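The sequence shown runs 10 to 80 under the working numbering.
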Amino acid sequence: MRSLQAAGIRPSAYSVSGPEDMALCLEEVRPNWEVFYFERGGKTFSKTFPTEAEACEYMYQELMGDKTAFM
Numbered sequence: 010m011r012s013l014q015a016a017g018i019r020p021s022a023y024s025v026s027g028p029e030d031m032a033l034c035l036e037e038v039r040p041n042w043e044v045f046y047f048e049r050g051g052k053t054f055s056k057t058f059p060t061e062a063e064a065c066e067y068m069y070q071e072l073m074g075d076k077t078a079f080m
């Protein structure tokens with residue numbers, strides 16, 4: 010999270026503690042990790058990873074590539 014904050018990503022653009030509306034979210038779905046966009050009560054653009062590190066790297070890259078995620 011510090012890397013995202015240091016890069017100027019809006020805190021409301023992501024969530025690492027469960028689904029948040031209109032945010033890219035990271036969630037443990039044992040035995041995997043899932044990254045998805047959550048909007049209006051539903052998941053979209055879901056991608057599953059075997060490790061937390063892979064999921065975090067994917068989430069970081071997605072947010073860095075999203076111009077609307079910056080403050």
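Note that the Cβ used here is the ideal one computed from N, Cα and C, for glycine as well.
Small disclaimer: the values here were computed from a predicted structure and weren't measured.
Separation of residue j from residue i, as counted between CA atoms
i	j	result
Y46	K56	10 Å
T77	G27	21 Å
R19	M10	11 Å
Proximity winner among the options, relative to residue i (alpha-carbon distances)
i	options	result
F79	A22, R11, M10 and W42	A22
W42	D75, M73, E63 and A32	E63
P59	D75, V38 and A32	V38
G50	V44, M31 and P40	M31
E29	V44, C65, D75 and M73	V44
S24	A16, C34 and E71	C34
E36	E71, E61 and D75	E61
N- and C-terminal bounds of the alpha helix (DSSP H) containing residue i
i	result
E63	E61 to M73
A15	R11 to A15
Rounded Cβ spacing between residue i and residue j (contact assumed at less than 8 Å)
i	j	result
Y69	L13	7 Å
Where the beta strand (DSSP E) containing residue i begins and where it ends
i	result
K26	Just to set this straight, residue 26 is Ser in the shown sequence, not Lys. It is not in any beta strand (DSSP E) - S26 carries neither H nor E in the DSSP assignment.
S21	First-last for S21: undefined, no H or E at that position.
K52	G51 to F58
F47	N41 to E48
Any chain D beta carbon closer than 7 Å to residue i
i	result
S24	No chain D appears in this structure, which consists of one protein chain only.
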